[in-house]
Amino acid sequence: MDPDDTSTGRAGADHPEPASARGTRSRWLPVAIAVAAALLMLAAVVVVSDLAAGDGDTASDITPAADPSAPDSAATALRDSGAQLATVDCDPADLRQGRDAARAYYRDVLDCLDRAWRPVLDRMGVEHRPASVDVADVRTTECGELPPADRALGLYCDADHTIHLPYSRLATAVGGTDEPAFLATLAHEYGHHIQALTGVFTEAGNAMSDVGAAAESEVGRRFELQATCFAGLFLDAARDTGLGDPSRGPEVAVQDFADWSGVESHGGARLQQQWASTGFTGDSVAACDTWSARAADIGGAGERSGAPASP
Ligand SMILES: [Zn+2]
1 MDPDDTSTGR
11 AGADHPEPAS
21 ARGTRSRWLP
31 VAIAVAAALL
41 MLAAVVVVSD
51 LAAGDGDTAS
61 DITPAADPSA
71 PDSAATALRD
81 SGAQLATVDC
91 DPADLRQGRD
101 AARAYYRDVL
111 DCLDRAWRPV
121 LDRMGVEHRP
131 ASVDVADVRT
141 TECGELPPAD
151 RALGLYCDAD
161 HTIHLPYSRL
171 ATAVGGTDEP
181 AFLATLAHEY
191 GHHIQALTGV
201 FTEAGNAMSD
211 VGAAAESEVG
221 RRFELQATCF
231 AGLFLDAARD
241 TGLGDPSRGP
251 EVAVQDFADW
261 SGVESHGGAR
271 LQQQWASTGF
281 TGDSVAACDT
291 WSARAADIGG
301 AGERSGAPAS
311 P
């Protein structure tokens, strides 16, 4: 993967690591946003490789098929389940300035995410393991070194199901504690957590192991766009609650994805927002089947959407 494929906007970035890189990188599912999207790819990539190596209590235990688009794969099983999220009532702590306030906000929203996604995991027969969030500016995690701030805003570490969102990184990127951005990013990262628990994460990594760079990027974009679609599903499940804008609710976070870039890694701003909307208006996880979506809907080299400058 080309770590330098994102030049503008906020790039979410977590891709499964190809098998060829197993054991050579720390495992990260970088989340986010930052100046360079590439890093994200590294993170996700790393995570998967370690998962595939089978160390510890990870999604690799699910032993998914190698191809996420295969009829009997974890990805298709998730789609065919037609599972729906539970409607949840969320009233998180106010997102004020500062790390402690961000931590409290994230934890409250994580509780909502856990409750909303539980029926899906139950339908899939998957053990539910809550995700945790860490807002500290840590240098090392269970998945290895945290990429530098100019490479990633955050990461999902599958080794301990921790979403790392160093407060200073996202706050700097968005110019403060902007709730739509914080909410969208957390919901997207939680989407990777769902992918990990259901086996899609490992499956995507396996699918990337034996293909060329172009196909590898395509798998990565399907992976990222699905996580964003999953974020949209959650935002819809929490539609009538205290999340987001007082008048528009969590829908404002759907619009935040229009600020995400990373064309090669994440599909660009237009497709990020498109898939977030698809989830927001979708009825079930079936709406988020990026694995069988047309090429035009998952982007690529020809997709150069107008991502705004980095906030
Ligand atoms: Zn991601």
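The sequence shown begins at 1 in UniProt numbering and counts up by one. Virtual Cβ for every residue (Gly too), placed ideally from N, Cα, C.
Between residue i and ligand 1, is the CB less than 7 Å from at least one heavy atom?
{"i": "Ala214", "result": "no"}
{"i": "Ala173", "result": "no"}
{"i": "His192", "result": "yes"}
{"i": "His188", "result": "yes"}
{"i": "residue 312", "result": "Summary: the structure shown does not reach residue 312, with the chain confined to residues 1 through 311, and so no result is reported for it."}
{"i": "Glu145", "result": "no"}
{"i": "residue 320", "result": "Since the first residue of the chain shown is 1 and the last is 311, residue 320 is not available in this structure."}
Nearest to residue i by CA position, among the options, is which residue?
{"i": "Ala231", "options": "Phe257, Val211 and Glu216", "result": "Phe257"}
{"i": "Gly191", "options": "Gln255, Arg79, Gly268 and Trp117", "result": "Trp117"}
{"i": "Thr76", "options": "Arg221, Val200 and Tyr105", "result": "Val200"}
{"i": "Ser81", "options": "Arg123, Pro166 and Ala213", "result": "Arg123"}
{"i": "Ser168", "options": "Thr162, His161 and Gly176", "result": "Gly176"}
{"i": "Leu110", "options": "Thr228, Val211, Gln273 and Ile163", "result": "Ile163"}
{"i": "Ala238", "options": "Ser73, Ala74, Asp91 and Asp67", "result": "Asp91"}
{"i": "Phe234", "options": "Ala207, His161 and Cys288", "result": "Cys288"}
{"i": "Asp160", "options": "Gln273, Ser132 and Gln272", "result": "Ser132"}
{"i": "Arg129", "options": "Ala196, Asp137, Trp275 and Val174", "result": "Ala196"}
{"i": "Gly267", "options": "Glu224, Thr198 and Gly205", "result": "Glu224"}
{"i": "Val126", "options": "Glu145, Thr87, Ala83 and Cys143", "result": "Ala83"}
{"i": "Cys157", "options": "Arg222, Leu165 and Ala181", "result": "Leu165"}
{"i": "Asp94", "options": "Thr87, Gly205, Tyr106 and Leu186", "result": "Tyr106"}
Residue range of the alpha helix (DSSP H) that residue i falls in?
{"i": "Ser168", "result": "Tyr167 to Val174"}
{"i": "Asp108", "result": "Arg99 to Met124"}
{"i": "Leu183", "result": "Glu179 to Thr198"}
{"i": "Val135", "result": "Per DSSP, Val135 belongs to no alpha helix (DSSP H) and is neither H nor E."}
{"i": "Phe223", "result": "Ala213 to Ala237"}
{"i": "Gln84", "result": "Taken as a continuous stretch (DSSP letters only), Gln84 belongs to no alpha helix (DSSP H), as it is neither H nor E."}
{"i": "Asp259", "result": "Looking at the DSSP string, Asp259 is not in any alpha helix (DSSP H), and its letter there is neither H nor E."}
{"i": "Trp275", "result": "Gly268 to Thr281"}
If we count the other Cβ atoms within 10 Å of its Cβ and call it buried at 16 or more, is residue i buried or exposed?
{"i": "Asp236", "result": "buried"}
{"i": "Glu203", "result": "buried"}
{"i": "Asp134", "result": "buried"}
{"i": "Pro148", "result": "exposed"}
{"i": "Gly56", "result": "With a pLDDT of only 24 at Gly56, under 50, the local geometry of the prediction cannot be trusted, and no value is derived from it."}
{"i": "Ser73", "result": "buried"}
{"i": "Gln97", "result": "exposed"}
{"i": "Ala184", "result": "buried"}
{"i": "His188", "result": "buried"}
{"i": "Glu179", "result": "buried"}
{"i": "Leu39", "result": "In this predicted model, Leu39 has a pLDDT of only 33, less than 50, meaning its place in the structure is not dependable; the value taken from the coordinates is given anyway. So Leu39 counts as buried."}
{"i": "Ala296", "result": "exposed"}
{"i": "Asp259", "result": "buried"}
{"i": "Asp100", "result": "exposed"}
{"i": "Glu218", "result": "buried"}
{"i": "Ser265", "result": "buried"}
{"i": "Arg294", "result": "exposed"}
{"i": "residue 374", "result": "For the chain, the structure presents residues 1 to 311; residue 374 sits outside this window and is missing."}
Which residue marks the beginning of the beta strand (DSSP E) containing residue i, and which one marks its end?
{"i": "His164", "result": "Thr162 to His164"}
{"i": "Leu155", "result": "Leu155 to Cys157"}
Is the closest heavy atom of ligand 2 to the C-beta of residue i under 7 Å?
{"i": "Ala77", "result": "Among the ligands in the structure shown, ligand 2 does not appear; only ligand 1 can be found there."}
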